[in-house]
Amino acid sequence: NHGNERIAVAAIKAGAMDYIVKSPNNLPELPKNIRRILREWRHIKERRSAHAALQCNEARMRSIAANLPGVVMQIFVRCGGEVGVHYVDGRLQEVFGLSKEQDLFSRFLLCIDVRDRQRFQSSIFEAVSNFKPWSFEGRFIKPSGELIWFKARAGVRKVGAETVLDGLLLDNTECKSMEEELRSSEERFR
Numbered sequence: 025n026h027g028n029e030r031i032a033v034a035a036i037k038a039g040a041m042d043y044i045v046k047s048p049n050n051l052p053e054l055p056k057n058i059r060r061i062l063r064e065w066r067h068i069k070e071r072r073s074a075h076a077a078l079q080c081n082e083a084r085m086r087s088i089a090a091n092l093p094g095v096v097m098q099i100f101v102r103c104g105g106e107v108g109v110h111y112v113d114g115r116l117q118e119v120f121g122l123s124k125e126q127d128l129f130s131r132f133l134l135c136i137d138v139r140d141r142q143r144f145q146s147s148i149f150e151a152v153s154n155f156k157p158w159s160f161e162g163r164f165i166k167p168s169g170e171l172i173w174f175k176a177r178a179g180v181r182k183v184g185a186e187t188v189l190d191g192l193l194l195d196n197t198e199c200k201s202m203e204e205e206l207r208s209s210e211e212r213f214r
């Protein structure tokens, strides 16, 4: 462009990463500049490919979470005993009648039947302190007033200063009803 700054600025604004000034003095540098340009172009292609793969993996994970039979969640426990929710998928409303809002853990805890609430909290702290998989079964009262049984299963891992529980919350009401029917049937049989 023979040093025309206006054209160079327009090219950069249009998306050019750099420009080369045509000049007899720059001719010896041309092979080096071409190698640099090709190297940068390969890096751009690799980044675009990695970004596309990341988007594909994210879409796959969202699809898996959306089609699991329960609610995918990640609970965190911090050193001071603070417990919260980093992630919960969109089925929370469908299964538990709750929306994803701030302080979700406290709201969830308040909906757990009072007979199971302390045991729920203790089970989390026990899993974290022993660094063993978390398992819990208890009653949950939906905001609509409906009582359901639920199961929680999660793996425990350390992430920085937090311990996280990655797992599922499952509606277990049907299984509990069948267990109760079986138990009463066995009692009648005896």
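This note's numbering numbers the first residue of the sequence shown as 25 and each following residue consecutively. We put the beta carbon where it would ideally sit given N, CA and C, even for glycine.
Residue environment, residue i, which counts as buried when at least 16 other CB atoms sit within 10 Å
i	result
D127	exposed
I44	exposed
I172	buried
G179	exposed
V183	exposed
G169	exposed
E198	exposed
R86	exposed
N25	Because the pLDDT at N25 is just 41, under 50, the model does not fix this residue reliably, and the point stays unresolved.
W65	exposed
L54	exposed
M97	buried
F213	exposed
I68	exposed
Those residues which DSSP pairs with residue i across a bridge
i	result
R102	E186
M97	V112, G191
R181	V188
E161	K175
V107	V101
I136	F164
DSSP-derived helix/strand/coil call for residue i
i	result
S209	helix
F149	helix
V45	coil
F155	coil
Q126	coil
N196	coil
E29	helix
E203	helix
A40	coil
E118	helix
R7	Nothing about residue 7 can be read from this structure; the chain reaches only from 25 to 214.
R214	coil
Reference residue i; option with closest CA among the options
i	options	result
A151	V96, A176, F213	A176
I136	R163, N154, Q117	R163
D190	I165, K156, L62, G169	K156
R181	N154, A34, K69, R214	N154
L192	Q117, D113, A38, E203	D113
K298	I31, K37, I165, L78	The structure shown does not extend to residue 298, since the chain spans only 25 to 214, so no value can be given for it.
G108	K56, G39, L78, R131	R131
F100	R139, I61, W158	W158
K166	A38, L122, N50	L122
S201	F174, I88, A38	F174
Contact with chain D by residue i, beta-carbon distance below 8 angstroms
i	result
D195	In the displayed structure, chain D is absent; only one protein chain is listed.
**Request:** Pick out the complete beta strand (DSSP E) segments inside the stretch 52-85, 3 residues or longer, and give them in chain order.
**Result:** Annotation: the stretch 52-85 contains no complete segment of the beta strand (DSSP E) (minimum length 3 residues).
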